[in-house]
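K.L.:
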Amino acid sequence: MRVALFITCFNDTLFPDTGKALVTVLERLGHVVDFPAAQTCCGQAHINTGYRRDAVPLMRRFVDVFAGAEAVVAPSASCAGTIRDLYPALANETGDASLAAAVRETGARTWEFTEFLVRRLGVTDVGAYFPHRVTYHPTCHSLRVLRVGDAPERLLRAVRGLDYVPLPQGDECCGFGGTFAVKNADTSVAMLGDKLRAVQATKAEVCVAADNSCLMHIGGALHRQRAGIRIAHIAQVLASTESERLA
Amino acid sequence: MSDDARAAMLARIRRAIADGAPRHGAHGVSAHDDAPALVRGVPLDAATCIARLVHRVEEYRAHVEVTTHDALPAAIAARVAMRGARTLVIPADLPVAWRPAGVALREDHALDVATLDAVDGVITGCRLAIAETGTIVLDGGAAQGRRAISLLPDWHCCVVFASQVVGDVPDAVRALAAAGSLSRPQTWISGPSATSDIELDRVEGVHGPRTLEVLVVRDARRQGAASSVIAAATGRPPASAA
Amino acid sequence: MTGIGTRPGRPLPRFEALAPARLDDAQLRRNLGKATATIRGKRQTVVDELPHWEALREEGRAAKAAVLAELDVRLEQLEARVRAAGGQVHWAPTAADATRIVGDIAARHAAREVIKVKSITTDEIRLNEALAARGIVATETDLAELIIQLAGEPSSHILVPAIHKNRSEIRELFVARLGQGDLTDEPRALAGAARRHLRAKFLSVPMAVSGANFAVAETGAVCVVESEGNGRMCLTLPRVLVTVMGIEKVVASWDDLGTMLQLLPRSSTGERMNPYTSIWTGVTPGDGPEEFHLVLLDNGRTQVLADSVGRQALQCIRCSACLNVCPVYERTGGHAYASVYPGPIGAILTPQLLGVEQADSLPYASTLCGACYDVCPVKINIPEVLVHLRGRAVERQAAGAGTHPYPRLERLAMRLAAWAFGSTTRYTLATRVARVALRLLGGGGAVTRLPGYGARWTAVRDLPPPPAQSFRDWWDART
Ligand code: SF4
């Protein structure tokens, strides 16, 4: 299959290793990976902060850039969720029926990375090796917007050498919430504190998730506290092999 | 003046909904879709129905006892004795067989609230009972009396016939409609009075009766009108007919 | 003052300003954490028991959505049926109209005191204050309402207004204010104290005021769902009963009522059924009040109804499940919302009732985690409405309205970002500048201190050192 990566502005700029890991895994599984160079940002932060009109050109751009791609795969549940869950209403607001139709059609081809592997490709064992104790934080958008279910856990459990520890109260929000982390910094920290306690209780070495944004929030505090637990995008774990450690 | 208010509110509502079929949630389901048949749980057979009622009422920490038509008077007398009740209020049409001996019985003919507050308990029947939720429904009909008499006394003993037990809430609504009860004052009772206001945990015993006793009469002796009404309304045989 | 009713024309204090003091209240955090965990567990147990729960939710949503789409017809039908059954119906466009109607009824009966069964709608219209201004005492009879009335505190939860108080605090309050000295902190003993305290009032006060959970258009029946029996007392014993009901509480049919009675108790108190549900139609000679008044309240609801996305908030059956699962509510409690409607439902209802510029911090008091949507028994898509209202808040801010502390700066930043992301060249440049800036700030290592609003991030979190190469650069170099 030809897979078009939507790498997301955030990962492109700050977490390129995540994108590299996606390429590694998809190519290992025998797929051809494209990176349409005209892509920029889906506009999630604009829509979620209320700047809907400013997001419309970004939505149009997204639809154009990925027109005709067989599958669009993103390493972020919240960005994939933006395409599938937020774009339709925004497109309706423009009154442009062809845009609304194109948005819906694009959404049907857009996947978050782990759900793409498990649901679309039917793969759970991607041939990875990662001899570490790992816990997984299911981000809210992966759970409750995209409904990826246990896809990420099934992928992790199939990794050789990996010691998987479920995260207590895993389905509770970490407190990131995009601009929430700054607008409501105090409440965000109160939520983060409980998430950190849960992560630390697992005695894991690595905390993984399917979204680098929540991970930056959790990992940023783990680092500040010198907790000795590192973070990695789940793709980095799945890309790792005996010969190459990518997380 | 109040006609103006009425007209103004209705006009505002009409303007607000003038956009036709509203969007609902993310799914865009039309509000004008014909309502599908009611969502229902798994139908219960008669024995399960009674067993579930008993279990569910017990979970509210009410006393429940399954008895027979012939044993009912003794069962009532035993509960009254256990309670140590000396004066009871009863609806004026309470069957004679349910009236325990050896206690003062006050038939309710518009008794004042002070009297109702002073008695030790009340005995009533009910319109129906709902197995799934452990609920008894009173509608002021036969053997039930007005609402106040089952409210003020601290002890309420309620007789339920197996033929009056329906499976779940939709069954109850249909049965109430069939019995012509929809416009009667109804009280749905699920266990003794309780509160969840302290730390969101349920504790029994606030303003309503603090003790509820339910006597379920298992055999089909006193049936007839009520049970056939329920069967017709719910399309299922009454619980005790099987 | 009990209850932070919403005063028209005065904006609410911002959520983020009220939250910190609540977050620091260790007793509150403990009480709320314990109570919400208890109720979440109970709800899950009784919901899991019904294999058709999801279908029931859809049935509930559809029933409420349908009645809102024909609200005018259903209210007229309700009015006709209530009148035919001997009740009186009043239409109240505003809170002031409603309180005047209730006050006039009390005056006509020379009532100096009324007993009330908990009604968030009467909190919304600040009925108790309005009655007090006419010399009429309103006594709350719900245990939780009594607790906060005695404590002189506002409600912090739509179902359990005193959720922020634990048993010892309640005992101390009862000892001090009810003079019940030998009280233990056993919940049963505390409930008994309330029973003793209110009994005489139930037997003597001539007029009661209630809210309504539902009213059935097809027959004119009104339904109140409760636990303690104070509702039954108020609805049955006084000579005069006045029920104040938001217009969105009407349901079309008894079948719909049946649906609601399956959804509500399991969602709200985690019970298969609440202890008492009272349903009455007009007046029944010889049983209950001799006079029944139904007050139909608008007070902003038609404004909500006019918003095609926001109107789903009117489907709410006030179960409070969304509060109990909300990770924000669980930590800040209800008072940070400064409204009688706190939590996720408050965050979408209050700004719509008041006008979004009056409460424009509330739509942002959420991470959009979606836990509320999953539990809502009538499937209100709360995150969808939150995002929609954020859009409206920004529109109002652009017009100079609202309470946002730095609207222009935020607008500029958002505009700039959207402009930069509008071309690949600008995007590449902007992200390169960002990486260079982070490298300078972090001195090559983790960034521990950001300037400006970024400081709120780095107050407790580091940023990882920025990568030398973007993904895009890597990809270009690779091919
Ligand atoms: S919004 Fe839904 S979950 Fe929240 S109180 Fe209303 S009905 Fe309950």
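Protein sequence lines correspond, in order, to chains F, H and P.
According to our numbering, the first sequence holds residues 1 to 247 in order.
According to our numbering, the second sequence holds residues 1001 to 1242 in order.
According to our numbering, the third sequence holds residues 2001 to 2479 in order.
All C-beta atoms, glycine included, are put in the ideal place defined by N, C-alpha and C.
Strictly under 8 Å for the Cβ-Cβ distance: is residue 246/F near chain P by that measure?
P.N.:
no
K.L.:
Roughly how many angstroms separate the alpha carbons of residue 2135/P and residue 143/F, rounded to a whole number?
P.N.:
Roughly 54 Å between the two C-alpha positions.
K.L.:
Starting from residue 1/F, trace the beta strand (DSSP E) in both directions and tell me its first and last residue.
P.N.:
First-last for residue 1/F: undefined, no H or E at that position.
K.L.:
Exposed or buried, what is residue 1055/H when buried is set at 16 or more other beta-carbons lying within 10 Å of its beta-carbon?
P.N.:
exposed
K.L.:
Compare the beta carbon distance of residue 1244/H and residue 2270/P with 8 Å and say whether it is the shorter of the two.
P.N.:
Past the edges of chain H, shown from 1001 to 1242, lies residue 1244/H, and the structure says nothing about it.
K.L.:
Rounded C-beta distance between residue 1165/H and residue 1175/H? I'm assuming under 8 Å.
P.N.:
Incorrect: roughly 10 Å between the Cβ atoms, too far for contact.
K.L.:
Can you tell me which residues form a DSSP beta bridge with residue 129/F?
P.N.:
Under the DSSP definition of a beta bridge, residue 129/F partners with 160/F.
K.L.:
Over what stretch of residues does the alpha helix (DSSP H) that includes residue 2278/P continue unbroken?
P.N.:
Residue 2278/P -> not in any alpha helix (DSSP H); beta strand (DSSP E) instead, spanning 2276 to 2281.
K.L.:
Name, please, each residue of chain P whose Cβ falls closer than 7 Å to the Cβ of residue 1177/H.
P.N.:
2254
K.L.:
CB residue 128/F to CB residue 159/F, shorter than 8 Å?
P.N.:
yes
K.L.:
Determine, using beta-carbon pairs with one atom in the segment 2151 to 2161 of chain P and one in the segment 2097 to 2108 of chain P, whether at least three such pairs fall under 8 Å.
P.N.:
no
K.L.:
Just to confirm my understanding: we take residue 229/F, look at its own chain, exclude 5 residues before and 5 after, and list those with CB closer than 8 Å. What are they?
P.N.:
199, 200, 204, 205, 206, 207 and 222
K.L.:
Residue 219/F and residue 234/F - do their beta-carbons sit closer together than 8 Å?
P.N.:
no
K.L.:
Listing by chain order, which chain F residues have their CB less than 7 Å from the CB of residue 2368/P?
P.N.:
48 and 177
K.L.:
What's the C-alpha gap between residue 1027/H and residue 2048/P?
P.N.:
Unreliable placement is indicated for residue 1027/H, whose pLDDT of 33 sits below 50; the coordinate value is still reported in the next sentence. Their Cα atoms are separated by approximately 24 Å.
K.L.:
Note down, in chain order, every chain P residue with its Cβ under 9 Å from the Cβ of residue 180/F.
P.N.:
Ordered by position in chain P, the residues that pass the 9 Å Cβ test against residue 180/F are 2328, 2364, 2365, 2366, 2367 and 2368.
K.L.:
Give the range of the beta strand (DSSP E) segment to which residue 1110/H is assigned.
P.N.:
Per DSSP, residue 1110/H belongs to no beta strand (DSSP E) and is neither H nor E.
K.L.:
Could you work out which residues of chain P lie near residue 87/F, taking near to mean beta carbons separated by less than 8 Å?
P.N.:
Neighbours of residue 87/F on chain P: none; closest Cβ ~12 Å, over 8 Å.
K.L.:
With a threshold of 8 Å, are at least 3 pairs of Cβ atoms found where one atom belongs to the segment 2252 to 2262 of chain P and the other to the segment 2054 to 2071 of chain P?
P.N.:
The segment 2252 to 2262 of chain P makes contact with the segment 2054 to 2071 of chain P, as at least three CB pairs between them are under 8 Å.
K.L.:
So, helix, strand or coil for residue 1213/H, using DSSP?
P.N.:
strand
K.L.:
Does ligand 1 have a heavy atom nearer than 7 Å to the CB of residue 2378/P?
P.N.:
yes
K.L.:
Have a look at the DSSP bridge pairing and note the partners of residue 2328/P.
P.N.:
Paired residue(s): none; residue 2328/P is not in a bridge.
K.L.:
Which partner residues of residue 2223/P appear in the DSSP bridge assignment?
P.N.:
2214/P and 2279/P
K.L.:
So which of 76/F, 102/F and 136/F has the shortest CA-CA distance to residue 116/F?
P.N.:
76/F
K.L.:
Is there a C-beta anywhere in chain F that falls below 8 Å from the one on residue 2332/P?
P.N.:
True, the Cβ-Cβ gap to chain F drops below 8 Å.
K.L.:
Could you tell me which chain H residues have their CB closer than 7 Å to the CB of residue 2236/P, listed as they occur along the chain?
P.N.:
1147, 1148 and 1151
K.L.:
Measure the Cβ-Cβ separation of residue 2163/P and residue 1200/H and say whether it is below 8 Å.
P.N.:
yes
K.L.:
How is residue 66/F classed by DSSP in three states: helix, strand or coil?
P.N.:
coil
K.L.:
So, for residue 2325/P: in the same chain, excluding its five sequence neighbours on each side, which residues have a beta-carbon less than 7 Å away from its beta-carbon?
P.N.:
2040, 2371, 2372 and 2375
K.L.:
Rounded to whole angstroms, what's the CA-CA distance from residue 2227/P to residue 2018/P? Just pull it up for me.
P.N.:
32 Å
K.L.:
Check whether the Cβ of residue 1156/H lies closer than 8 Å to any Cβ atom in chain P.
P.N.:
no
K.L.:
List, from N- to C-terminal side, the alpha helix (DSSP H) runs of 4 residues or more that fit wholly inside the segment 1053 to 1138 of chain H.
P.N.:
1072 to 1083 and 1113 to 1118
K.L.:
Among the candidates 146/F, 108/F and 131/F, whose CA atom is the shortest distance from the CA of residue 138/F?
P.N.:
Ranking 146/F, 108/F and 131/F by Cα distance to residue 138/F puts 146/F first.
K.L.:
If you count every other CB in all the chains shown that lies within 10 Å of the CB of residue 1236/H, and 16 or more means buried, which is it?
P.N.:
Residue placement at residue 1236/H is poorly supported in this model, since its pLDDT is 49, which falls under 50; the coordinates are not used for a value here.
K.L.:
For residue 2406/P, count the other beta carbons within 10 Å of its own beta carbon; 16 or more makes it buried, fewer makes it exposed. Which is it?
P.N.:
With fewer than 16 other Cβ atoms within 10 Å, it is exposed.
K.L.:
Given that a residue counts as buried once 16 or more other Cβ atoms are within 10 Å of its Cβ, and exposed if not, what is residue 1002/H?
P.N.:
exposed
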